[in-house]
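Enquirer:
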Ligand SMILES: C[S@@+](CC[C@H](N)C(=O)[O-])C[C@H]1O[C@@H](n2cnc3c(N)ncnc32)[C@H](O)[C@@H]1O
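Residue numbers (our numbering): 2 to 260.
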């Protein structure tokens, strides 16, 4: 049975909704995670992923959270060695079903966000993959994660995130459509964990402060002013330099692997 503690965002940890959050990733939900995720949006994601992955052609990968191991087919086809980390045992069980004999893949349970029992992320990976996770993290928690990634001294980071351009004009509430009203009612009846659409300028600044430089940005989809991109970022490890973090990254990241 999956341990339901450790939701990524502080708000959720405090509000006690985290059990419901992690139920999305356990039992039946874990088993059907991928069969429910088909269609143009998912195909667009896979295309963006392949495009950026090819630019790095990594031999070693840290995928976290790896979930059901959506990208394991590509990793194994290209012969990369993989460390996959996730909080949910049930998601890891699904990922393990994709492993070929003698695959160079290690799957480990770990908490990416809890500083008192941090996951061991290893070091010197050629590529870190982090998809479909950033929207669960507050901007502050996102910076913590970037700091942790930076501490591994890895070469590249492939990150998926929903963002909005800075200073987007908020829609007038009186102009709400029936879909918005329905959504509000649904949220009121069945509270959902918050999903974050990040301010892109803030996010890229936080990445820079943690040593990650934007290399490429591939659009996945766009809806109502929200842009969903896959980003490829070069870390300090890309140039063979020592991993390092600026003071602001350290401050935001709090305790890191090497602390
Ligand atoms: C939406 S899934 C994304 C999985 C995969 N990256 C993908 O693109 O399909 C989110 C995953 O985050 C995991 N997760 C949530 N909080 C976590 C945490 N604090 N540490 C590690 N994994 C976590 C969940 O178990 C789930 O598998």
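Ideal Cβ positions, reconstructed from N, Cα and C, are used throughout, including at glycine. Keep in mind the model is a prediction, meaning the values are calculated, not measured.
Which residues mark the beginning and the end of the alpha helix (DSSP H) in which residue 28 is found?
Expert: Along the chain shown, one-based indexing puts residue 28 at 27. Per DSSP, residue 28 belongs to the alpha helix (DSSP H) from 28-32.
Enquirer: Does residue 102 come out as helix, strand or coil in the three-state DSSP assignment?
Expert: The sequence position of residue 102 within the chain shown is 101, counting from 1. Residue state, collapsed to three classes: coil.
Enquirer: Taking 7 Å as the cut-off, is the CB of residue 134 close to at least one heavy atom of ligand 1?
Expert: Locating residue 134 in the chain shown gives position 133, where the first residue counts as 1. Yes, since a heavy atom of ligand 1 falls inside the 7 Å radius drawn around the Cβ of residue 134.
Enquirer: Quick one, are the C-beta atoms of residue 96 and residue 156 less than 8 Å apart?
Expert: For this step, residue 96 is matched to residue 95 along the chain shown. For this step, residue 156 is matched to residue 155 along the chain shown. Not in contact: residue 96 and residue 156 (Cβ atoms no closer than 8 Å).
Enquirer: Just tell me which of 61, 181, 217 has its CA closest to the CA of residue 153.
Expert: Reading the chain shown from its first residue, position 152 is the one you call residue 153. The residue with the shortest Cα to Cα distance from residue 153 is 61.
Enquirer: Is there contact between the region 28-40 and the region 208-218, where contact requires at least three CB pairs shorter than 8 Å?
Expert: The region 28-40, when compared against the region 208-218, does not touch it at the 8 Å Cβ threshold.
Enquirer: Using a Cβ-based criterion (distance less than 7 Å to any ligand heavy atom), does residue 112 qualify as near ligand 1?
Expert: What you label residue 112 is simply residue 111 of the chain shown in a count that begins at 1. For ligand 1, at least one heavy atom lies less than 7 Å from the Cβ of residue 112.
Enquirer: Ligand 1 heavy atoms versus the CB of residue 67: any closer than 7 Å?
Expert: For the purposes of this step, residue 67 is identified with residue 66 of the chain shown, where counting begins at 1. It does: the Cβ of residue 67 is within 7 Å (strictly closer) of some heavy atom of ligand 1.
Enquirer: Note down, in chain order, each residue of its chain lying with its Cβ closer than 6 Å to the Cβ of residue 92, except the 5 sequence neighbours on either side.
Expert: Here the question's residue 92 lines up with position 91 in the chain shown. Correct list, in chain order: 26, 31, 68, 69.
Enquirer: CB residue 22 to CB residue 194, shorter than 8 Å?
Expert: What you label residue 22 is simply residue 21 of the chain shown in a count that begins at 1. What you label residue 194 is simply residue 193 of the chain shown in a count that begins at 1. Cβ atoms of residue 22 and residue 194: closer than 8 Å.
Enquirer: Using a Cβ-Cβ cut-off of 6 Å (strictly less than) and excluding sequence neighbours within five positions of residue 4, which residues of its own chain qualify?
Expert: Looking up residue 4 in the chain shown gives position 3. With a pLDDT of only 38 at residue 4, under the threshold of 50, the placement of this residue in the model should not be trusted, and no figure is reported.
Enquirer: Where do the N-terminal and C-terminal ends of the beta strand (DSSP E) with residue 114 fall, by residue?
Expert: Looking up residue 114 in the chain shown gives position 113. Note, residue 114: premise wrong, no beta strand (DSSP E); not H, not E.
Enquirer: In angstroms with no decimal places, state the Cα-to-Cα distance between residue 169 and residue 181.
Expert: Counting from one through the chain shown, the residue named residue 169 turns up at place 168. Counting from one through the chain shown, the residue named residue 181 turns up at place 180. Legend: pLDDT at residue 169 = 49, less than 50; position of this residue unreliable, value from coordinates given subsequently. If you take the alpha carbons of residue 169 and residue 181, they lie about 18 Å apart.
Enquirer: Does ligand 1 have a heavy atom nearer than 7 Å to the CB of residue 88?
Expert: On the chain shown, residue 88 is found 87 positions in, with the first residue counted as 1. True, at least one ligand heavy atom lies under 7 Å from that Cβ.
Enquirer: Quick check: does the Cβ of residue 204 come within less than 7 Å of any heavy atom belonging to ligand 3?
Expert: Questions concerning ligand 3 fall outside what the structure shown contains, since the ligands it does hold are ligand 1.
Enquirer: Consider the Cβ of residue 74: report whether some Cβ of chain D lies at a distance smaller than 8 Å.
Expert: In the structure shown, chain D does not exist; there is a single protein chain.
Enquirer: Looking at residue 113 and residue 121, is the spacing between their C-beta atoms short of 8 Å?
Expert: As a working note, residue 121 is residue 120 in the chain shown. As a working note, residue 113 is residue 112 in the chain shown. No.
Enquirer: So the candidates are 110, 230, 107; which of them puts its Cα closest to the Cα of residue 205?
Expert: If you number the chain shown from 1, residue 205 lands on position 204. The candidate whose alpha carbon is nearest that of residue 205 is 230.
Enquirer: Given the structure, does residue 163 come close to ligand 1, in the sense that its CB is under 7 Å from one of the ligand's heavy atoms?
Expert: In the chain shown, counting from the first residue as 1, residue 163 sits at position 162. No, since every heavy atom of ligand 1 falls outside the 7 Å radius drawn around the Cβ of residue 163.
Enquirer: Assuming the contact rule is C-beta atoms closer than 8 Å, residue 80 and residue 99 should be a hit. Round their C-beta distance to whole Å, please.
Expert: What you label residue 80 is simply residue 79 of the chain shown in a count that begins at 1. What you label residue 99 is simply residue 98 of the chain shown in a count that begins at 1. With a Cβ gap of about 15 Å, residue 80 and residue 99 do not count as contacting.
Enquirer: Judging by CA-CA distance, which residue of 149, 90, 48 is the nearest neighbour of residue 72?
Expert: If you number the chain shown from 1, residue 72 lands on position 71. If we check each option's Cα against that of residue 72, 48 comes out closest.
Enquirer: When every heavy atom of ligand 1 is checked, does at least one fall within less than 7 Å of the C-beta of residue 71?
Expert: Numbered from 1 along the chain shown, position 70 holds the residue referred to as residue 71. Yes, the beta carbon of residue 71 sits closer than 7 Å to at least one heavy atom of ligand 1.
Enquirer: Is any heavy atom of ligand 1 found at a distance shorter than 7 Å from the C-beta of residue 26?
Expert: Counted from its first residue, the chain shown places residue 26 at position 25. Yes, Cβ of residue 26 sits closer than 7 Å to a heavy atom of ligand 1.
Enquirer: What span of residues does the alpha helix (DSSP H) with residue 41 cover, start to end?
Expert: Here residue 41 is taken as the residue at index 40 of the chain shown, counted from 1. From DSSP, the alpha helix (DSSP H) with residue 41 extends over 41-57.
Enquirer: Do residue 161 and residue 132 have their C-beta atoms closer together than 8 Å?
Expert: Taking the first residue of the chain shown as position 1, residue 161 is located at position 160. Taking the first residue of the chain shown as position 1, residue 132 is located at position 131. Against a cut-off of 8 Å, the Cβ pair of residue 132 and residue 161 comes out as a contact.
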